[in-house]
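Before any comments, here is the structure.
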Amino acid sequence: MSHDHDPVPVTARAGGPLKGRVRVPGDKSISHRAMIFGLLAVGETRVSGLLEGEDVLRTAAAARALGAIVHHDGPGAWRVQGVGVSGLRQPEAVLDFGNAGTGSRLMMGVCGAHPITTTFDGDASLRKRPMRRILDPLELMGTVVVSQEDGGRVPLTLRGPKEAIPIVYRTPVASAQIKSAVLLAGLAAPGETSVIETEATRDHTEKMLSHFGAEVTVTPEGTHGRRIVLKGQPELQAAPIVVPADPSSAAFPLVAGLIVPGSDILLESVMTNPLRSGLLTTLIEMGADITVEREANEGGETVADLRVRGSQLRGVTVPPERAPAMIDEYPVLAVAAAFATGTTRMRGLQELRVKESDRLAAVEAGLRAAGVSCAIEGDDLIVEGSGGAPVRGGGPVATHLDHRIAMSFLVMGLATREPVTVDDGLMIATSFPSFAALMNGLGGRIE
(Lines of atoms letter the chains of each structure in order from A; the text may use other names.)
(Lines give C-alpha, C1' and ligand atoms only; values in the text may rest on other atoms or scores of the structure.)
Protein backbone atom coordinates (compact mmCIF):
# COMPACT_ATOMS: atom_id res chain seq x y z
CA MET A 3 0.00 0.00 0.00
CA SER A 4 1.65 3.23 -1.16
CA HIS A 5 1.16 6.53 0.61
CA ASP A 6 3.53 8.68 -1.42
CA HIS A 7 4.15 9.63 -5.03
CA ASP A 8 6.66 11.58 -7.06
CA PRO A 9 5.41 15.19 -7.34
CA VAL A 10 4.14 16.43 -10.69
CA PRO A 11 4.51 20.24 -10.96
CA VAL A 12 1.76 22.04 -12.89
CA THR A 13 1.88 25.57 -14.31
CA ALA A 14 -0.89 28.03 -15.22
CA ARG A 15 -0.33 31.18 -17.30
CA ALA A 16 -2.48 34.05 -18.46
CA GLY A 17 -4.10 34.00 -21.88
CA GLY A 18 -7.28 35.39 -23.37
CA PRO A 19 -10.76 35.59 -21.81
CA LEU A 20 -12.47 32.38 -20.68
CA LYS A 21 -15.53 31.53 -22.76
CA GLY A 22 -17.92 28.60 -22.90
CA ARG A 23 -20.50 26.43 -21.18
CA VAL A 24 -19.47 23.59 -18.86
CA ARG A 25 -20.78 21.29 -16.16
CA VAL A 26 -18.33 20.48 -13.39
CA PRO A 27 -18.25 16.95 -11.91
CA GLY A 28 -20.82 15.66 -9.44
CA ASP A 29 -20.81 16.82 -5.83
CA LYS A 30 -18.24 15.00 -3.74
CA SER A 31 -20.21 15.11 -0.48
CA ILE A 32 -23.31 13.59 -2.07
CA SER A 33 -21.25 11.06 -4.05
CA HIS A 34 -19.66 9.68 -0.86
CA ARG A 35 -23.08 9.47 0.79
CA ALA A 36 -24.63 7.79 -2.25
CA MET A 37 -22.20 4.89 -1.89
CA ILE A 38 -22.68 4.69 1.88
CA PHE A 39 -26.48 4.77 1.76
CA GLY A 40 -26.44 2.31 -1.13
CA LEU A 41 -24.50 -0.04 1.15
CA LEU A 42 -26.95 0.42 4.06
CA ALA A 43 -30.16 0.14 2.03
CA VAL A 44 -32.08 -2.97 1.07
CA GLY A 45 -32.30 -3.38 -2.70
CA GLU A 46 -30.45 -1.73 -5.60
CA THR A 47 -29.65 1.98 -5.51
CA ARG A 48 -29.03 3.58 -8.90
CA VAL A 49 -26.74 6.60 -8.94
CA SER A 50 -26.24 9.01 -11.85
CA GLY A 51 -23.72 11.84 -12.04
CA LEU A 52 -21.40 10.30 -9.44
CA LEU A 53 -18.05 12.03 -9.02
CA GLU A 54 -15.50 9.45 -10.18
CA GLY A 55 -12.55 11.00 -8.37
CA GLU A 56 -10.16 8.92 -6.29
CA ASP A 57 -11.78 9.89 -2.97
CA VAL A 58 -15.23 8.60 -3.94
CA LEU A 59 -13.81 5.46 -5.57
CA ARG A 60 -12.13 4.66 -2.21
CA THR A 61 -15.55 4.87 -0.54
CA ALA A 62 -17.00 2.62 -3.25
CA ALA A 63 -14.21 0.10 -2.59
CA ALA A 64 -14.97 0.21 1.15
CA ALA A 65 -18.67 -0.41 0.45
CA ARG A 66 -17.65 -3.50 -1.56
CA ALA A 67 -15.40 -4.70 1.26
CA LEU A 68 -18.33 -4.38 3.68
CA GLY A 69 -20.60 -6.57 1.52
CA ALA A 70 -22.23 -4.33 -1.11
CA ILE A 71 -22.27 -5.39 -4.76
CA VAL A 72 -21.17 -2.32 -6.71
CA HIS A 73 -21.54 -2.05 -10.51
CA HIS A 74 -20.13 0.67 -12.77
CA ASP A 75 -22.39 1.06 -15.82
CA GLY A 76 -20.64 3.97 -17.55
CA PRO A 77 -19.56 7.56 -16.87
CA GLY A 78 -21.20 8.65 -13.62
CA ALA A 79 -23.65 5.71 -13.65
CA TRP A 80 -23.44 3.20 -10.78
CA ARG A 81 -25.60 0.57 -9.09
CA VAL A 82 -25.19 -0.48 -5.47
CA GLN A 83 -26.87 -3.63 -4.11
CA GLY A 84 -27.00 -3.01 -0.37
CA VAL A 85 -26.88 -5.27 2.68
CA GLY A 86 -29.18 -3.33 5.02
CA VAL A 87 -28.37 -1.48 8.23
CA SER A 88 -27.54 -4.66 10.17
CA GLY A 89 -25.93 -6.64 7.36
CA LEU A 90 -22.34 -5.38 7.22
CA ARG A 91 -19.73 -8.04 6.61
CA GLN A 92 -16.35 -8.20 8.32
CA PRO A 93 -13.84 -6.76 5.78
CA GLU A 94 -10.96 -9.03 4.88
CA ALA A 95 -8.38 -6.25 4.63
CA VAL A 96 -7.58 -2.70 5.72
CA LEU A 97 -9.98 -0.03 4.40
CA ASP A 98 -7.53 2.31 2.63
CA PHE A 99 -9.20 5.68 2.05
CA GLY A 100 -6.26 7.38 0.35
CA ASN A 101 -6.86 11.13 0.73
CA ALA A 102 -10.59 10.87 1.52
CA GLY A 103 -11.30 12.63 4.80
CA THR A 104 -15.08 12.63 4.27
CA GLY A 105 -15.28 8.99 3.19
CA SER A 106 -13.13 7.74 6.05
CA ARG A 107 -14.89 9.74 8.78
CA LEU A 108 -18.41 8.88 7.63
CA MET A 109 -17.52 5.20 7.23
CA MET A 110 -16.08 5.19 10.76
CA GLY A 111 -19.58 6.12 11.93
CA VAL A 112 -21.05 3.26 9.91
CA CYS A 113 -18.56 0.59 10.94
CA GLY A 114 -18.06 1.73 14.52
CA ALA A 115 -21.70 1.03 15.37
CA HIS A 116 -21.76 -2.53 14.00
CA PRO A 117 -20.37 -5.73 15.58
CA ILE A 118 -17.38 -5.95 13.26
CA THR A 119 -13.71 -4.98 13.50
CA THR A 120 -12.38 -2.57 10.87
CA THR A 121 -8.99 -0.96 10.28
CA PHE A 122 -8.81 2.43 8.52
CA ASP A 123 -5.76 3.87 6.80
CA GLY A 124 -4.90 6.44 4.15
CA ASP A 125 -2.16 8.38 2.44
CA ALA A 126 0.43 10.66 4.03
CA SER A 127 -2.03 13.57 4.11
CA LEU A 128 -4.89 11.59 5.70
CA ARG A 129 -2.51 10.20 8.32
CA LYS A 130 -2.00 13.76 9.58
CA ARG A 131 -5.70 14.57 9.98
CA PRO A 132 -7.35 14.38 13.43
CA MET A 133 -9.97 11.66 13.87
CA ARG A 134 -10.47 12.04 17.61
CA ARG A 135 -13.48 14.29 17.01
CA ILE A 136 -15.17 11.29 15.34
CA LEU A 137 -13.95 8.70 17.84
CA ASP A 138 -15.21 10.59 20.92
CA PRO A 139 -18.94 10.27 20.14
CA LEU A 140 -18.48 6.76 18.77
CA GLU A 141 -16.96 5.63 22.07
CA LEU A 142 -20.05 7.01 23.85
CA MET A 143 -22.10 4.77 21.53
CA GLY A 144 -20.11 1.66 22.50
CA THR A 145 -17.32 1.59 19.91
CA VAL A 146 -13.94 0.32 21.13
CA VAL A 147 -10.86 1.97 19.63
CA VAL A 148 -8.56 -1.04 19.50
CA SER A 149 -5.56 0.87 18.19
CA GLN A 150 -4.77 4.34 16.89
CA GLU A 151 -1.85 6.58 16.07
CA ASP A 152 -1.10 9.66 18.20
CA GLY A 153 -4.06 12.01 18.47
CA GLY A 154 -6.51 9.46 17.13
CA ARG A 155 -5.01 9.40 13.66
CA VAL A 156 -5.01 6.60 11.09
CA PRO A 157 -4.09 3.84 10.87
CA LEU A 158 -6.67 2.98 13.51
CA THR A 159 -8.84 -0.04 14.30
CA LEU A 160 -12.43 0.02 15.58
CA ARG A 161 -14.49 -2.77 17.15
CA GLY A 162 -18.21 -2.15 17.19
CA PRO A 163 -20.66 -3.18 19.94
CA LYS A 164 -23.33 -5.87 19.68
CA GLU A 165 -25.83 -3.04 19.76
CA ALA A 166 -24.96 0.65 19.58
CA ILE A 167 -26.11 3.04 22.31
CA PRO A 168 -28.28 5.99 21.25
CA ILE A 169 -26.91 9.35 22.45
CA VAL A 170 -27.60 13.07 22.47
CA TYR A 171 -24.45 14.73 21.14
CA ARG A 172 -23.56 18.40 20.89
CA THR A 173 -20.86 18.85 18.25
CA PRO A 174 -17.80 20.72 19.62
CA VAL A 175 -17.14 22.44 16.27
CA ALA A 176 -19.27 23.13 13.19
CA SER A 177 -18.62 19.96 11.20
CA ALA A 178 -20.94 18.07 8.88
CA GLN A 179 -18.54 15.12 9.12
CA ILE A 180 -18.98 14.77 12.89
CA LYS A 181 -22.75 15.19 12.61
CA SER A 182 -22.97 12.66 9.79
CA ALA A 183 -20.77 10.08 11.53
CA VAL A 184 -23.00 10.19 14.62
CA LEU A 185 -26.21 9.96 12.60
CA LEU A 186 -24.87 7.05 10.52
CA ALA A 187 -23.89 5.28 13.73
CA GLY A 188 -27.33 6.07 15.12
CA LEU A 189 -28.93 4.01 12.35
CA ALA A 190 -27.70 0.90 14.19
CA ALA A 191 -28.89 2.06 17.64
CA PRO A 192 -32.35 1.50 19.15
CA GLY A 193 -34.41 4.53 20.12
CA GLU A 194 -33.43 8.06 19.14
CA THR A 195 -30.00 9.51 18.41
CA SER A 196 -29.80 13.31 18.49
CA VAL A 197 -27.15 15.71 17.24
CA ILE A 198 -27.14 19.36 18.28
CA GLU A 199 -25.06 21.87 16.31
CA THR A 200 -24.70 25.52 17.25
CA GLU A 201 -23.87 26.47 13.63
CA ALA A 202 -25.88 24.71 10.91
CA THR A 203 -23.66 22.69 8.56
CA ARG A 204 -24.35 21.10 5.17
CA ASP A 205 -27.44 18.92 5.49
CA HIS A 206 -26.94 16.26 2.81
CA THR A 207 -26.98 13.41 5.33
CA GLU A 208 -30.32 14.47 6.79
CA LYS A 209 -31.84 14.81 3.32
CA MET A 210 -30.50 11.44 2.25
CA LEU A 211 -31.73 9.74 5.43
CA SER A 212 -35.26 10.91 4.56
CA HIS A 213 -34.78 9.98 0.89
CA PHE A 214 -34.01 6.38 1.91
CA GLY A 215 -36.93 6.14 4.34
CA ALA A 216 -35.44 6.92 7.75
CA GLU A 217 -37.44 8.96 10.26
CA VAL A 218 -35.47 12.15 10.90
CA THR A 219 -36.62 15.52 12.23
CA VAL A 220 -34.73 18.81 12.09
CA THR A 221 -35.63 21.78 14.31
CA PRO A 222 -33.93 25.14 14.94
CA GLU A 223 -31.57 25.33 17.91
CA GLY A 224 -30.43 28.73 19.14
CA THR A 225 -29.59 31.54 16.73
CA HIS A 226 -27.84 29.61 13.94
CA GLY A 227 -28.03 25.97 15.02
CA ARG A 228 -30.11 22.86 14.48
CA ARG A 229 -31.19 19.77 16.40
CA ILE A 230 -31.38 16.60 14.33
CA VAL A 231 -33.23 13.59 15.79
CA LEU A 232 -33.01 10.17 14.11
CA LYS A 233 -35.15 7.16 14.92
CA GLY A 234 -32.76 4.22 14.91
CA GLN A 235 -32.82 0.76 13.35
CA PRO A 236 -34.93 1.59 10.28
CA GLU A 237 -35.00 -0.58 7.20
CA LEU A 238 -33.61 1.74 4.55
CA GLN A 239 -35.03 1.15 1.08
CA ALA A 240 -32.97 1.60 -2.08
CA ALA A 241 -33.71 4.87 -3.85
CA PRO A 242 -32.31 6.54 -6.99
CA ILE A 243 -29.83 9.41 -6.57
CA VAL A 244 -29.04 12.15 -9.07
CA VAL A 245 -25.79 13.84 -8.03
CA PRO A 246 -25.82 17.59 -8.82
CA ALA A 247 -22.73 19.51 -9.95
CA ASP A 248 -20.37 20.18 -7.03
CA PRO A 249 -20.37 23.83 -5.86
CA SER A 250 -16.89 23.34 -4.36
CA SER A 251 -15.56 22.29 -7.78
CA ALA A 252 -17.59 24.98 -9.57
CA ALA A 253 -15.81 27.53 -7.37
CA PHE A 254 -12.65 27.25 -9.49
CA PRO A 255 -14.04 28.13 -12.94
CA LEU A 256 -16.37 30.59 -11.18
CA VAL A 257 -13.52 32.61 -9.67
CA ALA A 258 -11.44 32.24 -12.83
CA GLY A 259 -14.29 33.77 -14.83
CA LEU A 260 -14.37 36.73 -12.46
CA ILE A 261 -10.64 37.52 -12.40
CA VAL A 262 -9.76 36.93 -16.07
CA PRO A 263 -10.82 40.13 -17.90
CA GLY A 264 -13.47 39.75 -20.60
CA SER A 265 -14.55 36.25 -19.52
CA ASP A 266 -18.12 35.01 -20.00
CA ILE A 267 -18.89 31.43 -18.95
CA LEU A 268 -21.96 29.42 -17.97
CA LEU A 269 -21.75 26.77 -15.26
CA GLU A 270 -24.56 24.24 -15.58
CA SER A 271 -26.67 22.71 -12.80
CA VAL A 272 -24.55 23.85 -9.85
CA MET A 273 -25.97 22.84 -6.47
CA THR A 274 -27.26 25.95 -4.64
CA ASN A 275 -28.15 24.38 -1.29
CA PRO A 276 -28.11 27.42 1.07
CA LEU A 277 -25.81 25.54 3.45
CA ARG A 278 -23.24 25.27 0.63
CA SER A 279 -23.60 28.66 -1.07
CA GLY A 280 -21.48 30.90 1.17
CA LEU A 281 -18.95 31.56 -1.60
CA LEU A 282 -21.69 32.69 -4.00
CA THR A 283 -23.09 35.05 -1.35
CA THR A 284 -19.64 36.48 -0.64
CA LEU A 285 -18.64 36.99 -4.28
CA ILE A 286 -21.91 38.80 -5.01
CA GLU A 287 -21.22 41.05 -2.00
CA MET A 288 -17.82 41.75 -3.61
CA GLY A 289 -19.52 42.96 -6.79
CA ALA A 290 -19.23 39.80 -8.88
CA ASP A 291 -21.26 39.72 -12.10
CA ILE A 292 -23.05 36.41 -11.51
CA THR A 293 -26.58 35.78 -12.74
CA VAL A 294 -28.87 32.77 -12.21
CA GLU A 295 -30.26 31.64 -15.57
CA ARG A 296 -32.20 28.52 -14.56
CA GLU A 297 -33.26 26.97 -11.28
CA ALA A 298 -34.41 23.39 -10.81
CA ASN A 299 -34.49 20.48 -8.37
CA GLU A 300 -32.28 17.42 -8.86
CA GLY A 301 -32.43 14.54 -6.41
CA GLY A 302 -33.83 16.69 -3.61
CA GLU A 303 -31.22 19.45 -4.05
CA THR A 304 -31.71 22.87 -5.63
CA VAL A 305 -29.50 23.56 -8.67
CA ALA A 306 -28.99 26.51 -10.98
CA ASP A 307 -27.12 27.56 -14.11
CA LEU A 308 -24.70 30.37 -13.21
CA ARG A 309 -23.58 32.98 -15.76
CA VAL A 310 -20.21 34.47 -14.77
CA ARG A 311 -18.49 37.47 -16.34
CA GLY A 312 -15.19 39.21 -15.67
CA SER A 313 -15.72 41.64 -12.79
CA GLN A 314 -14.10 44.37 -10.74
CA LEU A 315 -14.30 43.01 -7.19
CA ARG A 316 -14.12 44.95 -3.92
CA GLY A 317 -12.87 43.81 -0.52
CA VAL A 318 -15.37 42.72 2.14
CA THR A 319 -15.43 41.25 5.64
CA VAL A 320 -16.68 37.64 5.65
CA PRO A 321 -18.42 36.86 8.97
CA PRO A 322 -17.35 33.77 10.93
CA GLU A 323 -20.86 32.29 10.95
CA ARG A 324 -20.62 31.90 7.16
CA ALA A 325 -17.67 29.50 7.44
CA PRO A 326 -19.69 26.24 7.56
CA ALA A 327 -21.38 27.16 4.25
CA MET A 328 -18.06 27.71 2.42
CA ILE A 329 -15.35 25.98 4.41
CA ASP A 330 -13.75 24.37 1.33
CA GLU A 331 -13.93 27.56 -0.75
CA TYR A 332 -11.76 29.91 1.32
CA PRO A 333 -8.54 29.18 -0.61
CA VAL A 334 -10.10 30.20 -3.95
CA LEU A 335 -11.91 33.11 -2.29
CA ALA A 336 -8.48 34.33 -1.14
CA VAL A 337 -7.39 34.25 -4.79
CA ALA A 338 -10.41 36.37 -5.78
CA ALA A 339 -9.62 38.77 -2.92
CA ALA A 340 -6.07 39.21 -4.26
CA PHE A 341 -7.52 40.88 -7.39
CA ALA A 342 -10.09 43.04 -5.54
CA THR A 343 -9.97 46.71 -4.63
CA GLY A 344 -9.37 47.11 -0.90
CA THR A 345 -9.00 44.65 1.96
CA THR A 346 -10.83 41.35 2.45
CA ARG A 347 -10.95 39.89 5.96
CA MET A 348 -12.09 36.28 6.31
CA ARG A 349 -12.97 35.67 9.94
CA GLY A 350 -13.10 32.53 12.08
CA LEU A 351 -11.13 30.10 9.92
CA GLN A 352 -9.82 27.79 12.65
CA GLU A 353 -11.34 24.76 10.88
CA LEU A 354 -9.02 25.36 7.91
CA ARG A 355 -6.10 24.30 10.09
CA VAL A 356 -7.27 20.65 10.13
CA LYS A 357 -8.21 20.04 6.48
CA GLU A 358 -6.03 18.12 3.98
CA SER A 359 -3.29 20.55 5.01
CA ASP A 360 -3.16 23.54 7.35
CA ARG A 361 -5.00 25.45 4.65
CA LEU A 362 -4.76 28.76 6.47
CA ALA A 363 -0.96 28.66 6.52
CA ALA A 364 -0.79 27.18 3.01
CA VAL A 365 -2.98 29.93 1.54
CA GLU A 366 -0.94 32.66 3.22
CA ALA A 367 2.33 31.16 1.94
CA GLY A 368 0.96 30.76 -1.58
CA LEU A 369 -0.32 34.34 -1.69
CA ARG A 370 3.03 35.67 -0.50
CA ALA A 371 4.85 33.56 -3.11
CA ALA A 372 2.68 35.26 -5.76
CA GLY A 373 3.44 38.76 -4.46
CA VAL A 374 0.16 39.35 -2.58
CA SER A 375 0.18 41.24 0.71
CA CYS A 376 -1.63 39.20 3.35
CA ALA A 377 -1.60 38.30 7.05
CA ILE A 378 -3.05 35.86 9.57
CA GLU A 379 -4.42 37.44 12.75
CA GLY A 380 -5.61 34.75 15.14
CA ASP A 381 -8.02 32.69 13.00
CA ASP A 382 -8.60 35.50 10.48
CA LEU A 383 -7.03 35.76 7.03
CA ILE A 384 -6.54 39.30 5.70
CA VAL A 385 -5.81 39.85 2.00
CA GLU A 386 -4.85 43.19 0.45
CA GLY A 387 -6.22 43.39 -3.07
CA SER A 388 -4.38 44.61 -6.15
CA GLY A 389 -7.04 47.15 -7.04
CA GLY A 390 -8.02 45.15 -10.09
CA ALA A 391 -4.53 45.08 -11.60
CA PRO A 392 -2.94 41.72 -12.43
CA VAL A 393 -1.17 40.10 -9.47
CA ARG A 394 2.53 39.35 -10.03
CA GLY A 395 2.32 35.54 -9.80
CA GLY A 396 5.33 33.26 -9.64
CA GLY A 397 5.94 30.53 -7.13
CA PRO A 398 6.40 27.66 -6.78
CA VAL A 399 3.42 27.25 -4.47
CA ALA A 400 3.67 24.44 -1.91
CA THR A 401 0.43 22.41 -2.04
CA HIS A 402 1.09 20.06 0.93
CA LEU A 403 -0.80 17.27 -0.92
CA ASP A 404 -3.95 19.44 -0.87
CA HIS A 405 -6.07 19.41 -4.03
CA ARG A 406 -7.88 22.67 -3.24
CA ILE A 407 -4.65 24.58 -2.66
CA ALA A 408 -3.35 23.29 -5.99
CA MET A 409 -6.46 24.24 -7.97
CA SER A 410 -6.85 27.64 -6.28
CA PHE A 411 -3.38 28.82 -7.23
CA LEU A 412 -3.64 27.42 -10.74
CA VAL A 413 -6.77 29.56 -11.12
CA MET A 414 -4.72 32.53 -9.92
CA GLY A 415 -2.11 31.83 -12.59
CA LEU A 416 -4.72 32.37 -15.33
CA ALA A 417 -4.74 36.10 -14.48
CA THR A 418 -1.21 36.90 -13.20
CA ARG A 419 1.66 38.72 -14.91
CA GLU A 420 3.99 35.75 -14.42
CA PRO A 421 2.98 32.06 -14.63
CA VAL A 422 2.09 30.32 -11.36
CA THR A 423 3.53 26.86 -10.70
CA VAL A 424 2.30 24.52 -7.99
CA ASP A 425 4.74 21.92 -6.73
CA ASP A 426 2.38 18.99 -7.29
CA GLY A 427 -0.90 18.59 -9.14
CA LEU A 428 -1.36 14.85 -8.97
CA MET A 429 -3.73 14.95 -5.99
CA ILE A 430 -6.24 17.08 -7.94
CA ALA A 431 -7.60 13.73 -9.15
CA THR A 432 -9.04 13.11 -5.67
CA SER A 433 -11.92 15.52 -6.32
CA PHE A 434 -11.73 16.98 -9.86
CA PRO A 435 -9.89 14.68 -12.30
CA SER A 436 -10.95 16.75 -15.33
CA PHE A 437 -9.92 20.12 -13.83
CA ALA A 438 -7.12 21.05 -16.25
CA ALA A 439 -9.00 19.78 -19.31
CA LEU A 440 -12.17 21.66 -18.33
CA MET A 441 -10.30 24.92 -17.67
CA ASN A 442 -8.30 24.60 -20.87
CA GLY A 443 -11.51 23.94 -22.79
CA LEU A 444 -12.70 27.38 -21.64
CA GLY A 445 -9.48 28.95 -22.95
CA GLY A 446 -7.22 28.52 -19.93
CA ARG A 447 -3.55 27.55 -20.16
CA ILE A 448 -2.79 24.91 -17.55
CA GLU A 449 -0.15 22.25 -18.23
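Letter 434 of the sequence shown, counting from 1, is numbered 436 in my numbering, and no numbers are missing. Here a beta-carbon is modelled for each residue, glycine too, at the ideal position from N, C-alpha and C.
When we look at the beta-carbon of threonine 225 and count the other beta-carbons within 10 Å, is it buried (16 or more) or exposed?
Position 223 of the sequence shown, counting from 1, holds the residue named residue 225. Threonine 225 is exposed by the Cβ-count criterion.
Closest to leucine 11 by CA distance: which of Leu440, Ser279 and Pro421 is it?
Here residue 11 corresponds to residue number 9 of the sequence shown, with the count starting at 1. In the sequence under discussion, the amino acid at residue 11 is proline, which differs from the leucine named in the question. Comparing Cα-Cα distances from proline 11 to each of Leu440, Ser279 and Pro421, the minimum goes to Pro421.
Could you check which residue in Arg131, Met441, Gly264 and Phe39 has the C-alpha nearest to that of glutamine 239?
Within the sequence shown, numbered from 1, the residue matching residue 239 stands at position 237. Closest option to glutamine 239, Cα to Cα, is Phe39.
Write down every uninterrupted run of the alpha helix (DSSP H) in the segment 255-327 whose length is 4 residues or greater and which is fully enclosed by it, in chain order.
280-287
Nearest-angstrom Cα distance between proline 451 and glutamate 331?
Residue 451 lies beyond the range of the chain shown here (3 to 449); nothing can be said about it.
By Cβ distance below 6 Å, which residues in the same chain neighbour threonine 61 in space, the five residues on each side in sequence not counted?
Locating residue 61 in the sequence shown gives position 59, where the first residue counts as 1. Counting only Cβ-Cβ distances below 6 Å, and skipping sequence neighbours, we find His34, Met37 and Gly105.
Using a Cβ-Cβ cutoff of less than 7 Å, which residues in the same chain neighbour glycine 431 once the five nearest sequence positions on both sides are dropped?
To locate residue 431, count along the sequence shown from 1; it is residue 429. Here residue 431 is alanine; the residue named in the question, glycine, does not match the sequence. So the qualifying residues of the chain are Gly55 and Glu56.
Is leucine 416 closer than 9 Å to alanine 258 when the C-beta atoms are compared?
What you label residue 258 is simply residue 256 of the sequence shown in a count that begins at 1. What you label residue 416 is simply residue 414 of the sequence shown in a count that begins at 1. For alanine 258 and leucine 416, yes; Cβs fall inside 9 Å.
Skipping 5 residues on each side, what residues in its chain have a beta carbon closer than 6 Å to that of glutamine 314?
Taking the first residue of the sequence shown as position 1, residue 314 is located at position 312. Hits under 6 Å: Gly390.
Rounded to the nearest angstrom, what separates leucine 52 and aspartate 138 at their Cα positions?
Here residue 52 refers to the residue found at position 50 when the sequence shown is read from its first residue. Here residue 138 refers to the residue found at position 136 when the sequence shown is read from its first residue. Going by the C-alpha atoms only, they are around 31 Å apart.
For a minimum of 4 consecutive residues, which ranges assigned as the alpha helix (DSSP H) are wholly contained in the segment 201-227?
206-213
Based on Cα-Cα distance, which residue from Arg311, Arg370, Glu386 and Thr274 lies nearest to threonine 348?
For the purposes of this step, residue 348 is identified with residue 346 of the sequence shown, where counting begins at 1. First, the residue type needs correcting, since residue 348 is methionine and not threonine in the sequence shown. Measuring from the Cα of methionine 348, the nearest candidate turns out to be Glu386.
Do the CB positions of proline 398 and aspartate 360 come within less than 9 Å of each other?
The residue you call residue 398 lines up with position 396 of the sequence shown. The residue you call residue 360 lines up with position 358 of the sequence shown. Cβ distance not < 9 Å, so proline 398 and aspartate 360 don't count as in contact.
For the beta strand (DSSP E) containing glutamine 179, name the first residue and the last one.
Within the sequence shown, numbered from 1, the residue matching residue 179 stands at position 177. Careful: glutamine 179 lies outside any beta strand (DSSP E), inside the alpha helix (DSSP H) at 178-188.
Looking at the secondary structure, which residues open and close the beta strand (DSSP E) in which histidine 73 lies?
Translated into the one-based positions of the sequence shown, residue 73 becomes position 71. Element bounds for histidine 73: 71-76.
Taking aspartate 123 as part of the alpha helix (DSSP H), name the residues at either end of that continuous run.
Here the question's residue 123 lines up with position 121 in the sequence shown. That residue, aspartate 123, is in no alpha helix (DSSP H); its beta strand (DSSP E) goes 119-123.
Between which two residues does the beta strand (DSSP E) containing alanine 377 stretch?
For the purposes of this step, residue 377 is taken as the residue at position 375 of the sequence shown. Alanine 377 -> beta strand (DSSP E) spans 376-379.
So which of Met110, Ala377, Thr401 and Thr120 has the shortest CA-CA distance to alanine 183?
Position 181 of the sequence shown holds residue 183. Taking only the C-alpha atoms, the option nearest alanine 183 is Met110.
Please determine, among Thr159, Glu151, Ala65 and Leu444, the residue with the shortest C-alpha to C-alpha distance to threonine 145.
Here residue 145 refers to the residue found at position 143 when the sequence shown is read from its first residue. Measuring from the Cα of threonine 145, the nearest candidate turns out to be Thr159.
Would you mind stating whether alanine 191 and glutamine 235 have Cβ atoms separated by less than 9 Å?
As a first step, residue 191 is located in the sequence shown; it is residue number 189 there, counting from the start. As a first step, residue 235 is located in the sequence shown; it is residue number 233 there, counting from the start. Yes. Within cutoff.
Among Glu237, Ser50 and Val87, which residue has its Cα nearest to the Cα of histidine 452?
Residue 452 is absent from the model: the chain starts at 3 and stops at 449.
Taking the CB atoms as reference points, tell me whether serine 288 and isoleucine 243 lie closer together than 9 Å.
Residue mapping note: residue 288 aligns to position 286 of the sequence shown, counting from 1. Residue mapping note: residue 243 aligns to position 241 of the sequence shown, counting from 1. As written in the sequence, residue 288 is methionine, which differs from the serine given in the question. No, they are not a contact pair.
Can you tell me which of the three DSSP states threonine 2 falls into?
Outside the displayed span of the chain (3 to 449) sits residue 2, for which this structure offers no information.
Among Ser265, Leu362, Met429 and Val170, which has the Cα closest to the Cα of isoleucine 292?
If you number the sequence shown from 1, residue 292 lands on position 290. Considering only alpha carbons, the answer is Ser265.
Could you tell me the distance, in whole angstroms, from the CA atom of valine 148 to the CA atom of leucine 189?
If you number the sequence shown from 1, residue 148 lands on position 146. If you number the sequence shown from 1, residue 189 lands on position 187. The alpha-carbon separation between valine 148 and leucine 189 amounts to approximately 22 Å.
Where does proline 246 land, buried or exposed, given buried means 16+ other C-beta within 10 angstroms?
Against the sequence shown, residue 246 aligns to sequence position 244. Buried, since its Cβ has 16 or more Cβ neighbours within 10 Å.
Mind checking which residues open and close the beta strand (DSSP E) that includes isoleucine 384?
Counting from one through the sequence shown, the residue named residue 384 turns up at place 382. For isoleucine 384, the uninterrupted beta strand (DSSP E) segment begins and ends at 382-386.
In whole angstroms, what separates the C-alpha of glutamate 295 from that of arginine 311?
Here residue 295 refers to the residue found at position 293 of the sequence shown. Here residue 311 refers to the residue found at position 309 of the sequence shown. Roughly 13 Å between the two C-alpha positions.
Whose CA, out of Ser88, Val87, Leu108 and Thr121, lies closest to the CA of glutamate 94?
Taking the sequence shown and counting its residues from 1, the one referred to as residue 94 is at position 92. Answer by Cα proximity: Thr121.
Tell me where the beta strand (DSSP E) around alanine 79 begins and ends.
Counting from one through the sequence shown, the residue named residue 79 turns up at place 77. Per DSSP, alanine 79 belongs to the beta strand (DSSP E) from 79-83.
Could you round the C-beta distance between valine 197 and isoleucine 230 to whole angstroms and report it? I think they count as a contact, below 8 Å.
Residue 197 sits at position 195 when you count from the first residue of the sequence shown. Residue 230 sits at position 228 when you count from the first residue of the sequence shown. Their Cβ separation, rounded to whole angstroms, is 5 Å, which keeps valine 197 and isoleucine 230 in contact under 8 Å.
Leaving aside the five residues before and after threonine 47 along the sequence, list all residues of the same chain whose C-beta is less than 6 Å from its C-beta, in chain order.
Taking the first residue of the sequence shown as position 1, residue 47 is located at position 45. The answer, listed in chain order, is Gly40, Val82 and Ala240.
On the three-state DSSP scale, how would you describe methionine 3?
Looking up residue 3 in the sequence shown gives position 1. Summary for methionine 3: the model assigns pLDDT 35, below 50, so the residue's position carries little reliability, and this model does not support an answer.
Taking the alpha-carbon positions, what's the leucine 428 to lysine 30 distance?
Stepping through the sequence shown from its first residue, residue 428 is reached at position 426. Stepping through the sequence shown from its first residue, residue 30 is reached at position 28. Distance between the alpha carbons of leucine 428 and lysine 30: 18 Å.
Taking the Cβ atom as the reference point for each residue, do alanine 2 and aspartate 98 lie within a distance shorter than 9 Å?
Absent from the structure is residue 2, since the part of the chain shown begins at 3 and ends at 449.
Report the rounded CA-to-CA distance for isoleucine 378 versus isoleucine 118, giving the unit in angstroms.
Locating residue 378 in the sequence shown gives position 376, where the first residue counts as 1. Locating residue 118 in the sequence shown gives position 116, where the first residue counts as 1. Between the C-alpha atoms of isoleucine 378 and isoleucine 118 there is a straight-line separation of about 44 Å.
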